[in-house]
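Everything below concerns the one structure shown next.
Number of protein chains: 2
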Amino acid sequence: MFVPAIKGQGTDEQQQKWLPLAHRMQIIGCYAQTELGHGSNVQGLETTATFDPQTDEFVIHSPTLTSSKWWPGGLGKVSTHAVVYARLITDGQEHGVHGFIVQLRSLDDHMPLPGITIGDIGMKFGNGAYNTMDNGVLRFDNVRIPRDQMLMRVLQVTKEGKCVQSNVPRQLIYGTMVYVRQTIVADASRALSRAVCIATRYSAVRRQFGSQNGLETQVIDYKTQQSRLFPLIASAYAFRFVGEWLKWLYTDVTQRLQANDFSTLPEAHACTAGLKSLTTSVTADAIEECRKLCGGHGYLCSSGLPELFAVYVPACTYEGDNVVLLLQVARFLMKTVAQLPSGKKPVGTTAYLGLVEHLMQYRCGVQNAEDWLNPSVILEVFEARAARMCVNRAQKLGSFPNPDEGFAELSAFLAEAAVAHCQLIVVSKFIEKLQQDIPGGEGVKQQLRNLCNIYALNLINRHLGDFLSTGAISAKQASLANDQLRSLFSQVRPNAIALVDAFNYTDHYLGSILGCYDGNVYPKLYEEAWKDPLNDSVVPDGYQEYIRPMLKQQLRNARL
Amino acid sequence: MFVPAIKGQGTDEQQQKWLPLAHRMQIIGCYAQTELGHGSNVQGLETTATFDPQTDEFVIHSPTLTSSKWWPGGLGKVSTHAVVYARLITDGQEHGVHGFIVQLRSLDDHMPLPGITIGDIGMKFGNGAYNTMDNGVLRFDNVRIPRDQMLMRVLQVTKEGKCVQSNVPRQLIYGTMVYVRQTIVADASRALSRAVCIATRYSAVRRQFGSQNGLETQVIDYKTQQSRLFPLIASAYAFRFVGEWLKWLYTDVTQRLQANDFSTLPEAHACTAGLKSLTTSVTADAIEECRKLCGGHGYLCSSGLPELFAVYVPACTYEGDNVVLLLQVARFLMKTVAQLPSGKKPVGTTAYLGLVEHLMQYRCGVQNAEDWLNPSVILEVFEARAARMCVNRAQKLGSFPNPDEGFAELSAFLAEAAVAHCQLIVVSKFIEKLQQDIPGGEGVKQQLRNLCNIYALNLINRHLGDFLSTGAISAKQASLANDQLRSLFSQVRPNAIALVDAFNYTDHYLGSILGCYDGNVYPKLYEEAWKDPLNDSVVPDGYQEYIRPMLKQQLRNARL
């Protein structure tokens, strides 16, 4: 039963530390940040925590309807305590948003404590999905808590109500965000690989049209199927590798923070924010695409895909809305470009912007389809596209007298540059991975190389407008990329099943009849249908009340 | 209770005529075509109808597991009769797939008749959606029906078992397909306009970040929100107008068929197939995009969007899988291009291909952003792009010694040309609409003109690779199109709410708290939450069995 609290919306370094403590204290906690009227903008939260020096207590209060806490996972029916984020007020002055530990329910009978209103916020997307989680609503009517239940690592409130800033660097919070977002990227890879495993296996089972030896053609042999499916297999691998790299990045950031080195933090933060946005958006769309690739049967719950979609899509919104995150990346990129003339060297994943003069001059040398198999060509083309988009956006921004207004006006346009930058990161980490030793030897490596090329060339195809309008490649070269892509599909086809089997998911974990390992889809679908409670009776409940009167045209008797 | 049968999967002219008859006969019918192993490829159906001249009966049989009828709506628990599609066999010879009226259940007690197995196929996507429909499975074990229960309009089977082709033209079936797909396009416009109405109204209610007069900024004022939302409002209008035009097309086709004029049928068929594919794919994605545009609250069922999505997405698969349909369009386009040298004039929506020489030479004259407001410029740019993509694909096809192999190899690439052609149709019908009188006068017309331009310029932006690689426009002109698009967003902003109010949907029909007409979103969300059955008790069911033992660390006593 701890799961709801741990999977609760929003996460914070303090929550990480607090949960084991909660366990020892025999309480169940959740993280209450989001409000009915406030999500992305944490500084806009309305709940107040007003210090009363006379009693040495904070008064937690919900002053408006929109200040009601809304969404925290595990809150609605289960949690006994919460970390509540509220505006700190001492001596009539505001001091920003901070966390407070508040007991919500009695530990004797689980009843809400006086002044506290709690409930579940109702049904959500899907059959099961997050409907197994009691996302909750919570209101406070002047609830008093002792002063020491404020989380005071960054700011301390004294008995007298004075605020004392600690010397703990505020940047530490970014370390936690890097951690959480890195796990989200790993989750994206996992969800995507589940979906493609199902769609790939079923595409080898399903036959439609055509005729070879009397049998219809396996749908996986259609180029239309391959061109939608194989780039998703490639993306699942790409996200896995970039996820592994992010794990390293988090370790690196942590070590630097411990040594009070904050120099790489803005870049690491932008990078993880961008990759969270990119991988979750792609994965959400890809799960639905995999469902469609399974045709009609993908619409059955027994395919596993509808619930995988419903449970996955919130990842595009929680822990930073994907569009808001892209704008953070864009802002960082614009700052990086603006600082280039001063000689400040971009670090980490933005290092290529240091070579912007070279990249603006760059001309892609591809002359035939095979040239596209060269990883350094791919890397430079992606670098040239991203760098030119950044420079182009920076120039456009420069034409606005007010930079903030310019940023707002061009925001959709800036988000495109952020996407280009993030795609470059994924491509470059895939290429780096292939420069290392791979267990399984050259044969395995060649398959991964094919997937890496499919990942990159498919992006060129999908974002062709970027590549052509920046002049990173020519129309002729784009056409050659397309030819090479088709040839790669043919090379991947014989190994497609092995490539998804390699994820090593059990049938139980996949939870999909269409994706079952033995491919015995039709008997299992047929068997599963009969388990539906509607089939417990041959003549359905309601026949006498509804169907029979209609058939006998005694509609006056029917309960319609 | 007739709804399941009428909304059943697959439709046929005969079903249209048969349903009223069924009503008078006091039966409930469904349309049983799709099988467990066979969907798109009707000729691959396995159910057999073998004529027995000795008894003047057909024997309906399911010879394999994959021949089980699967998906028909209304079949599982309700229907008493079905039109069953099966391979006709007389005298040991196959004569293609035909329809047979088969009684499934007793009219006395609703029990399945001997030799017939029927059930529901189980849960589907979403909470409600199609789970209110008894999509069914059906198997026949040598079920005998009288000869006159075969639908014999096209082919007659005599008492002796001879097959006699009627003089009814086979093309008539295409007339029905034009009809059905035209209604699907109208449905797409309706579903899309519901989703954008919800997302637009909520975007005006929701505030986040920024600060004007103490209030945060309405999210509809963000360019990122506008650039995702406003093109969808434009699409809702575009699909409505092209839907109206398709209604005219169906009337025209019907009149011609009655006069035995089949000349426009292939073009009309390709056009409706393509528009079915385009509008349903866009609408399915758009509903989910609208959900994301509502942030976290879009994930609540009370937003109406999760169920709208779950109930809508099958439209991408039924009545012709969208990819299969695009390939039909592509095949028609390739044929049209191949016949150009012979002087055969393309008709209807392909007439522009008759001007292919001009379109290959065309140079877009746009020099500043306002030039993009000229409808003839937009039309020619879309014509040039589609024509050049068609010619380019035709040339590539020509390099294959075997045309069928070439078509298979290039199919994904050919589908892109079909999309370009269909988008041209939608743009051109929008422009035609604006050349007519519009109720409401010039003010209304100007708003619609803005939407038409947004629809077209957004497509240029999204498919920029097509427009640049065909040379239909230059990178500089693309950038001007983008500038013009942003300016159009600003012009639409003050009228955005009016434009969705104009759909005139009641709150009851919209079924969305986020989209309610009075904008009183937060109190209604709060109120709705308390209606959830989980909130009937303050201390949840299961507290004693699960939660309390865990809190008291008496896990051995917990029922976990």
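Taken in order, these protein sequences are the chains called A and B. The first sequence: position 221 = 221 (UniProt numbering), numbered continuously. The second sequence: position 494 = 494 (UniProt numbering), numbered continuously. Think of the CB as a built atom: it goes at the ideal place given N, C-alpha and C, for glycine as much as any other residue. Computed from a prediction, not measured in an experiment: that's the story for all the values here.
(request) For Y250 (chain A), count neighbouring Cβ atoms within 10 angstroms of its own Cβ and tell me buried if that reaches 16, exposed if not. (result) The sequence position of residue 250 (chain A) within the first sequence is 250, counting from 1. Burial call: buried.
(request) Say whether chain A places a C-beta atom closer than 8 Å to the C-beta of A286 (chain B). (result) Walking along the second sequence from the start, residue 286 (chain B) turns up at place 286. With 8 Å as the cut-off, A286 (chain B) does not count as an interface residue toward chain A.
(message) Buried or exposed for H358 (chain A), going by 16 or more other Cβ atoms inside 10 Å?
(response) What you label residue 358 (chain A) is simply residue 358 of the first sequence in a count that begins at 1. Under this definition H358 (chain A) is an exposed residue.
(message) Assuming contact is defined by CB atoms lying nearer than 8 Å, are L257 (chain B) and L172 (chain B) in contact in what I supplied?
(response) In the second sequence, residue 257 (chain B) corresponds to position 257, counting from 1. In the second sequence, residue 172 (chain B) corresponds to position 172, counting from 1. Yes.
(request) Give the C-beta separation of R207 (chain A) and T217 (chain A) to the nearest angstrom, bearing in mind that I take them to be a contact with Cβ-Cβ under 8 Å. (result) Walking along the first sequence from the start, residue 207 (chain A) turns up at place 207. Walking along the first sequence from the start, residue 217 (chain A) turns up at place 217. Their Cβ separation, rounded to whole angstroms, is 6 Å, which keeps R207 (chain A) and T217 (chain A) in contact under 8 Å.
(request) Spatial neighbours of L36 (chain A) within its chain, please: CB distance less than 7 Å, with the 5 preceding and 5 following residues excluded, ordered by chain position. (result) Here residue 36 (chain A) refers to the residue found at position 36 of the first sequence. Counting only Cβ-Cβ distances below 7 Å, and skipping sequence neighbours, we find L65, T66, S68, W70.
(request) Starting from D120 (chain A), follow its DSSP beta bridges and name the residues at the other end. (result) Counting from 1 along the first sequence, the entry for residue 120 (chain A) is found at position 120. In the DSSP output, where bridge partners are listed per residue, D120 (chain A) has A:G136.
(request) Run down chain B in chain order and give the residues with a C-beta less than 8 Å from the C-beta of N520 (chain A). (result) Position 520 of the first sequence, counted from the first residue, corresponds to residue 520 (chain A). The premise fails here: N520 (chain A) is roughly 11 Å from chain B at the closest Cβ pair, so nothing lies under 8 Å.
(request) Using the DSSP secondary-structure output, state which residues sit across from W70 (chain B) in a beta bridge. (result) Residue 70 (chain B) sits at position 70 when you count from the first residue of the second sequence. Partner(s): B:V137.
(message) Would F239 (chain A) and T279 (chain A) qualify as a contact pair, given that the criterion is a beta-carbon distance under 8 Å?
(response) Residue 239 (chain A) sits at position 239 when you count from the first residue of the first sequence. Residue 279 (chain A) sits at position 279 when you count from the first residue of the first sequence. Yes; because the gap between Cβ atoms is below 8 Å, this pair is in contact.
(request) Return the first residue and the last residue of the alpha helix (DSSP H) that V196 (chain B) is part of. (result) Against the second sequence, residue 196 (chain B) aligns to sequence position 196. Per DSSP, V196 (chain B) belongs to the alpha helix (DSSP H) from 172-205.
(request) Output yes or no for whether 8 Å exceeds the beta carbon distance between V419 (chain A) and A387 (chain A). (result) As a position in the first sequence, residue 419 (chain A) is number 419, starting the count at 1. As a position in the first sequence, residue 387 (chain A) is number 387, starting the count at 1. Cβ distance not < 8 Å, so V419 (chain A) and A387 (chain A) don't count as in contact.
(message) Buried or exposed for G74 (chain B), going by 16 or more other Cβ atoms inside 10 Å?
(response) Translated into the one-based positions of the second sequence, residue 74 (chain B) becomes position 74. Looking at its Cβ environment, which holds 16 or more other Cβ atoms inside 10 Å, G74 (chain B) is buried.
(request) State buried or exposed for A234 (chain B), treating a residue as buried only when at least 16 other CB atoms are found within 10 Å of its CB. (result) Along the second sequence, read from residue 1 onward, the residue named residue 234 (chain B) stands at position 234. Buried.
(message) V59 (chain B) and R144 (chain B) - do their beta-carbons sit closer together than 8 Å?
(response) Position 144 of the second sequence, counted from the start, is the residue given in the question as residue 144 (chain B). Position 59 of the second sequence, counted from the start, is the residue given in the question as residue 59 (chain B). Cβ atoms of R144 (chain B) and V59 (chain B): closer than 8 Å.
(message) Given this structure, state the Cα-to-Cα distance separating T254 (chain A) from V180 (chain A), to the nearest angstrom.
(response) Walking along the first sequence from the start, residue 254 (chain A) turns up at place 254. Walking along the first sequence from the start, residue 180 (chain A) turns up at place 180. The straight-line gap from Cα to Cα measures roughly 13 Å.
(request) Decide if P231 (chain A) is buried, meaning its Cβ has at least 16 other Cβ atoms within 10 Å, or exposed. (result) Counted from its first residue, the first sequence places residue 231 (chain A) at position 231. Label assigned to P231 (chain A): buried.
(message) Taking the straight line between their C-alpha atoms, what separation do you get for Y362 (chain A) and V377 (chain A)?
(response) Here residue 362 (chain A) corresponds to residue number 362 of the first sequence, with the count starting at 1. Here residue 377 (chain A) corresponds to residue number 377 of the first sequence, with the count starting at 1. Going by the C-alpha atoms only, they are around 11 Å apart.
(request) Pick out whichever of A:S166, A:D52, A:E160 has its Cα sitting closest to the Cα of R153 (chain A). (result) On the first sequence, position 153 is the one that residue 153 (chain A) refers to. Measuring from the Cα of R153 (chain A), the nearest candidate turns out to be A:S166.
(request) Residues of the stretch 404-424 of chain A with a CB closer than 8 Å to any CB of chain B: list them in chain order, please. (result) A408, E409, L410, S411, A412, F413, A415
(request) Count the other C-beta atoms from every protein chain shown that fall within 10 angstroms of the C-beta of R105 (chain A), then say buried if there are 16 or more, exposed otherwise. (result) In the first sequence, the residue the question calls residue 105 (chain A) occupies position 105. The residue in question, R105 (chain A), is buried, as its Cβ has 16 or more Cβ neighbours within 10 Å.
(request) Just the chain B side, please: which residues come within less than 9 Å of D134 (chain A) by C-beta, in chain order? (result) The count along the first sequence starts at 1 and reaches residue 134 (chain A) at position 134. The contacting residues are L534, P540.
(message) Between the stretch 240-247 of chain A and the stretch 180-191 of chain A, can you find at least three pairs of beta-carbon atoms closer than 8 Å?
(response) yes
(message) If we define contact as Cβ-Cβ less than 8 Å, is G343 (chain B) a contact residue for chain A?
(response) Along the second sequence, read from residue 1 onward, the residue named residue 343 (chain B) stands at position 343. Output row for G343 (chain B): interface = no.
(request) Go to Y522 (chain B), then tell me how far its alpha helix (DSSP H) extends in each direction, as first and last residue. (result) Translated into the one-based positions of the second sequence, residue 522 (chain B) becomes position 522. Looking at the DSSP string, the run of the alpha helix (DSSP H) that includes Y522 (chain B) is 521-529.
(request) Report the three-state DSSP secondary structure of residue 582 (chain A) (helix, strand or coil). (result) In the structure displayed, chain A extends from 1 to 560; residue 582 (chain A) sits before or after that span and is not available.
(request) Using a Cβ cut-off of 8 Å, pull out every chain B residue sitting near D321 (chain A), in sequence order please. (result) Here residue 321 (chain A) corresponds to residue number 321 of the first sequence, with the count starting at 1. G295, listed in chain order.
(request) Could you tell me whether the stretch 261-275 of chain A touches the stretch 345-356 of chain A, using the rule of 3 or more Cβ pairs below 8 Å? (result) yes
(message) Between the alpha carbons of L333 (chain B) and S474 (chain A), how many angstroms are there, rounded?
(response) Residue numbering aside, residue 333 (chain B) sits at position 333 when the second sequence is read from its first letter. Residue numbering aside, residue 474 (chain A) sits at position 474 when the first sequence is read from its first letter. Those two C-alpha atoms are separated by around 27 Å.
(request) Assuming A330 (chain B) contacts A412 (chain B) (C-beta within less than 8 Å), just tell me the rounded distance between them. (result) The residue given as residue 330 (chain B) occupies position 330 in the second sequence. The residue given as residue 412 (chain B) occupies position 412 in the second sequence. About 10 Å separates the two Cβ atoms, so there is no contact after all.
(request) Could you name the residues that DSSP lists as bridge partners for Q93 (chain B)? (result) As a first step, residue 93 (chain B) must be located in the second sequence, where it is residue number 93. According to DSSP, which records beta bridges pairwise, Q93 (chain B) is partnered with B:T90.
(message) What does the Cβ neighbour count give for L293 (chain A), buried or exposed, with the cut at 16 atoms within 10 Å?
(response) Within the first sequence, residue 293 (chain A) is the residue found at index 293, counting from 1. Buried: at least 16 other Cβ atoms inside 10 Å.
(request) Find the nearest neighbour of Y237 (chain B) within the set B:A496, B:H61, B:S211, B:L534, judged by alpha-carbon distance. (result) Here residue 237 (chain B) refers to the residue found at position 237 when the second sequence is read from its first residue. If we check each option's Cα against that of Y237 (chain B), B:A496 comes out closest.
(request) Verify the CB distance criterion: does Y312 (chain B) have a CB-CB separation below 8 Å to chain A? (result) For the purposes of this step, residue 312 (chain B) is identified with residue 312 of the second sequence, where counting begins at 1. Chain A, which has no Cβ nearer than 8 Å to the Cβ of Y312 (chain B), makes this no.
(request) Output the distance between the C-alpha atoms of D541 (chain B) and T176 (chain A), rounded to the nearest integer angstrom. (result) Translated into the one-based positions of the second sequence, residue 541 (chain B) becomes position 541. Translated into the one-based positions of the first sequence, residue 176 (chain A) becomes position 176. In a straight line, the C-alpha of D541 (chain B) is about 36 Å away from that of T176 (chain A).
(request) Determine the direct distance from the alpha carbon of V102 (chain B) to that of V521 (chain A), and round the result to whole angstroms. (result) Working through the first sequence from its first residue, we reach residue 521 (chain A) at position 521. Working through the second sequence from its first residue, we reach residue 102 (chain B) at position 102. So the alpha carbons of these two residues sit roughly 28 Å apart.
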